[in-house]
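Heads up: the sequence shown is residues 20 to 452, going by the numbering used here.
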Amino acid sequence: MDDQRKAIRLRCDQERWNLFPSMGALVFLRTPEALSCFLTLEISSVGTCRMKSNRLRVAAVLVGDIQRMPDMRVKYGAFFDALDRRFDLVDIHDANLRGPARYWNALWTFNPSVAVWKEHFFKNVPAFKSRSLRTMAYLKTLKSRADVILQIGALLNSGCGKDCLPLVIYTDNTTRITSRRPEGGRLALSQQETERWVEHERNLYQGASHIAVRASLVRDSLINDYGVDAKRLSVIGGGVNFSPLPEPVSRSSNSPPTVLFIGEGFHRKGGDLLLRAFAQARLHVPQARLCIVTRGPIPMGYSMENVEVCPPSWDREEIAAHYRRADVFVLPSRLETWGDVLLEAMAFGLPCVGVRGQAMEDIIQHESTGLLVDQSQTNDLAGALIRLLSQPAMRQRMGQTARTLVESEFTWDRVVDRLEPALMAAANRPLQD
Numbered sequence: 020m021d022d023q024r025k026a027i028r029l030r031c032d033q034e035r036w037n038l039f040p041s042m043g044a045l046v047f048l049r050t051p052e053a054l055s056c057f058l059t060l061e062i063s064s065v066g067t068c069r070m071k072s073n074r075l076r077v078a079a080v081l082v083g084d085i086q087r088m089p090d091m092r093v094k095y096g097a098f099f100d101a102l103d104r105r106f107d108l109v110d111i112h113d114a115n116l117r118g119p120a121r122y123w124n125a126l127w128t129f130n131p132s133v134a135v136w137k138e139h140f141f142k143n144v145p146a147f148k149s150r151s152l153r154t155m156a157y158l159k160t161l162k163s164r165a166d167v168i169l170q171i172g173a174l175l176n177s178g179c180g181k182d183c184l185p186l187v188i189y190t191d192n193t194t195r196i197t198s199r200r201p202e203g204g205r206l207a208l209s210q211q212e213t214e215r216w217v218e219h220e221r222n223l224y225q226g227a228s229h230i231a232v233r234a235s236l237v238r239d240s241l242i243n244d245y246g247v248d249a250k251r252l253s254v255i256g257g258g259v260n261f262s263p264l265p266e267p268v269s270r271s272s273n274s275p276p277t278v279l280f281i282g283e284g285f286h287r288k289g290g291d292l293l294l295r296a297f298a299q300a301r302l303h304v305p306q307a308r309l310c311i312v313t314r315g316p317i318p319m320g321y322s323m324e325n326v327e328v329c330p331p332s333w334d335r336e337e338i339a340a341h342y343r344r345a346d347v348f349v350l351p352s353r354l355e356t357w358g359d360v361l362l363e364a365m366a367f368g369l370p371c372v373g374v375r376g377q378a379m380e381d382i383i384q385h386e387s388t389g390l391l392v393d394q395s396q397t398n399d400l401a402g403a404l405i406r407l408l409s410q411p412a413m414r415q416r417m418g419q420t421a422r423t424l425v426e427s428e429f430t431w432d433r434v435v436d437r438l439e440p441a442l443m444a445a446a447n448r449p450l451q452d
C-alpha cells in the first residue's frame with residue numbers, strides 16, 4: 020500500500036500534489052489497494068490533487084523564507100522535510116513583514132551598529148503585532164486545510180484570535196535568558212524595551228497548547244521566568260543540518276592535529292578565549308593547527324601562529340570540508356542556547372569541547388563524546404585541548420561515540436518523534452501506532 024501511495028503521490032510543491040497534466044488524463048489502477056488509495060484523492064479543477072488521509076495536517080510558521088534564504092534553508096530545511104514525511108505539511112508560511120511595513124520598520128529601528136539594528140528590527144512590539152495580525156489573517160484561509168499550527172520561534176503570535184487553530188511552539192531561546200547574560204552579546208534592547216517584549220512573549224507562551232524546546236536551559240526559563248506549566252513543555256532537542264548524514268571520515272593519527280571553530284560572532288562564540296587557550300596548548304603540542312571560521316577581522320593582540328581564518332558560508336559542502344579536515348571541534352561560547360555546529364561536528368565524528376552551564380550540556384556527554392569546561396577559565400579550555408590534541412586514540416573513541424549518538428538521538432526524524440505527541444494532543448488526535 021505504501022509503495023502504491025508513493026507512486027501516486029508525486030510532490031509538486033509545498034502545498035499540492037500534482038498528479039495529472041490535465042483533467043483528461045487516464046489512470047489505470049490495477050489493484051484494489053491502488054484503487055483504494057486513488058479514492059482518497061481530491062482532484063481540483065486545475066488538475067492537482069491532495070491526499071485525504073488520516074495524517075495530521077500541519078501549517079508551519081516562521082520568520083524567514085525557507086526557499087530563498089540560505090540560512091533558513093540550512094537551519095530548518097531538513098526539519099521541515101522530516102515533518103513532511105510524518106504529517107501533511109500543508110504550508111510553510113514566512114511571517115516576515117513585506118512592502119511598506121518592512122521598510123517602515125527598518126527606518127524606525129535604524130542603528131549605525133548592524134548588530135543592534137538587526138536586533139531592534141526583529142524585536143520590537145509594533146513589528147511583533149504587525150507580524151501577528153498579518154499571519155493570523157493568512158492562517159484563516161488555511162483553517163479548513165490544517166489541524167494545528169507549528170510556530171518556530173517567538174517573534175510573533177500566530178495562534179491568538181477568535182476561532183484560531185491550536186498552536187504549538189518550537190523555540191530555542193527566551194529573552195529572559197539573554198537579558199541575564201549580557202556578556203553573550205545577543206540582546207541590544209533597553210530595559211523598558213525588554214520588559215515590553217517579555218510581556219508579549221509571556222502572552223504567546225500562555226496561549227499556546229504546547230511549547231517544545233531544544234534544551235532544558237530554555238525549559239527552565241519558561242517555567243521560572245514566564246510561569247509556563249511544566250505539563251505544557253517538552254524538551255525535544257534538535258537535528259543535525261546535514262541530510263543525509265555525512266559518510267564517516269577516516270583520520271590519520273600521524274598528521275598534525277587540527278582544531279576547528281565555527282562561529283559568525285567571534286566574541287559571542289568565545290573565539291578570543293579559544294585563541295588564548297590554543298596558544299597555551301601549542302606549548303605542549305607545537306604542531307597543532309587551528310582553523311577559525313568567522314566573520315570580520317580578528318582583534319589585534321592574539322598570537323596567530325598556526326592559525327587559519329576562513330569566512331563563514333552557507334554552502335554545505337564548503338563547511339563539510341572544514342569538518343573533514345579537523346580533528347577536534349571547540350565552541351567556548353559566552354551564551355549558547357543550543358549549538359547546531361556541535362551536532363554537525365559530531366556527525367563528522369569529531370570530539371567536541373564546550374562549556375558548562377549552557378545548552379551544550381544537553382548535547383556533549385562529558386568524557387564520552389567530548390569535554391565540558393568552565394566558560395571563563397582559559398586554563399581549563401587549554402587543558403582540554405592538550406588532552407585531545409595529544410591523544411589520537413581518545414579523539415577517535417570520543418568521535419565515534421559522538422557519531423553514534425547523533426545517529427540515535429539527533430536526527431530530525433527523532434526530533435519529530437518527540438514532537439508528534441504534542442502536535443497530536445493539540446489537535447485532539449490520538450497517537451498512531
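Positions of the beta carbon are idealized from the N, C-alpha and C atoms, including for glycine. As the structure is a prediction and not an experimental result, all values here were calculated from the model.
Query: Sheet register partners of G373 (DSSP bridge); Result: L391
Query: S262 versus E336: straight-line alpha-carbon distance, rounded; Result: 12 Å
Query: Local conformation of Q170 per DSSP, three classes; Result: strand
Query: Given F367 as reference, the closest of R104, P265, D248, L75 once Cα atoms are compared; Result: P265
Query: Length-filtered (3 minimum) beta strand (DSSP E) runs lying within the segment 183-271; Result: 186-190, 229-232, 252-254
Query: Collapsed DSSP secondary structure at M42 in the structure displayed; Result: For M42, the predicted model reports a pLDDT of 29, less than 50, meaning its position is unreliable and no value from the coordinates is stated.
Query: Nearest residue (CA-CA) to S235, options Y321, C310, R375; Result: R375
Query: Endpoints, beta strand (DSSP E) assigned at T420; Result: Run containing T420: none in the beta strand (DSSP E); it sits in the alpha helix (DSSP H), 411-428.
Query: Segment contact, 8 Å Cβ cut-off, at least three pairs: the segment 266-274 with the segment 394-405; Result: no
Query: For R448, the three-state DSSP class (helix, strand or coil); Result: coil
Query: Euclidean distance between Cα positions of R153 and A114; Result: 8 Å
Query: Closest by C-alpha distance to R74, when choosing among D100, L108, A101; Result: L108
Query: Residues near I255 by beta carbon distance below 6 Å, same chain, minus five either side; Result: A231, V434, R437, L438
Query: For T277, the residue or residues it bridges with in DSSP; Result: R308
Query: First and last residue of the uninterrupted beta strand (DSSP E) at F106; Result: It is not in any beta strand (DSSP E) - F106 carries neither H nor E in the DSSP assignment.
Query: Classification of R301 by the beta-carbon crowding that lies within 10 angstroms, buried from 16 upward; Result: buried
Query: Spatial distance of A146 from K288 (CA atoms); Result: 28 Å
Query: Presumed contact (8 Å Cβ cut-off) between N192 and V237, rounded CB distance; Result: 6 Å
Query: Alpha carbon of S322 to alpha carbon of V144, nearest angstrom; Result: 44 Å
Query: Contact set for H385: own chain, Cβ-Cβ below 8 Å, skip 5 residues either direction; Result: L391
Query: Cut-off 8 Å between Cβ atoms - residues of its own chain near A444, not counting five sequence neighbours on either side; Result: S228, H229
Query: Buried/exposed call for T160, threshold 16 Cβ in 10 Å; Result: exposed
Query: Contacting residues, own chain, Cβ-Cβ under 8 Å from P449 (five flanking each side not counted); Result: M443
Query: Collapsed DSSP secondary structure at P440 in the structure displayed; Result: helix
Query: Contact under 8 Å by Cβ, W333 with A101; Result: no
Query: Other residues of its chain near V135: CB distance less than 8 Å, five sequence neighbours each side excluded; Result: A207
Query: V217 beta carbon less than 8 Å from that of R195; Result: yes
Query: One or two residues paired with H385 in a DSSP bridge; Result: G389
Query: Three-state class that DSSP yields for A78 in the structure shown; Result: strand
Query: Integer-rounded CB distance, given that R87 should sit under 8 Å from L116; Result: With a Cβ gap of about 15 Å, L116 and R87 do not count as contacting.
Query: Sub-8 Å separation of M365 and A403 beta-carbons; Result: no
Query: First and last residue of the uninterrupted beta strand (DSSP E) at F348; Result: 347-349
Query: Touch test, the segment 303-318 against the segment 278-295, Cβ-Cβ under 8 Å, three pairs minimum; Result: yes
Query: 8 Å Cβ shell around R121 - same chain, five flanking residues per side excluded; Result: N115
Query: Complete runs of the alpha helix (DSSP H) confined to the segment 97-152 [at least 4 residues]; Result: 118-127, 133-141
Query: CB of M379 within 8 Å of CB of E355, strictly; Result: yes
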